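Beneath this line is the structure, given in structure tokens, with notes to follow.
Residue numbers (the numbering used here): 4 to 72.
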């Protein structure tokens, strides 16, 4: 018998959101301070979009696997 651990999933979600938020803020600060070319800005904006998409996907998978059990 396996026990459900809803608190563990909630903690994992919070950690993921905090880490991705830090990465996004770091990227925004880098764009503001160090990017001078259009290519640099575009690369960092695309990185932010990818981070948001991957986080959303990851959280949906966690929610779905939590409900499936």
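Using N, Cα and C, we set each Cβ at its ideal position, and we do this for glycine too.
From a predicted model like this one, the values you see are computed outputs, not experimental measurements.
Have a look at residue i and residue j and give me their C-alpha separation to the nearest angstrom.
i	j	result
residue 34	residue 26	12 Å
residue 15	residue 57	15 Å
residue 37	residue 23	20 Å
Exposed or buried, what is residue i when buried is set at 16 or more other beta-carbons lying within 10 Å of its beta-carbon?
i	result
residue 4	Per-residue confidence for residue 4 stands at a pLDDT of 42, beneath the threshold of 50, marking its modelled position as unreliable; the derived number appears in the next sentence. Exposed: under 16 other Cβ atoms inside 10 Å.
What residue from the options has the CA that sits closest to residue i's CA?
i	options	result
residue 48	22, 67, 32	32
Write down the C-beta distance between residue i and residue j rounded to the nearest angstrom, noting that I regard them as a contact closer than 8 Å.
i	j	result
residue 30	residue 51	5 Å
residue 61	residue 19	6 Å
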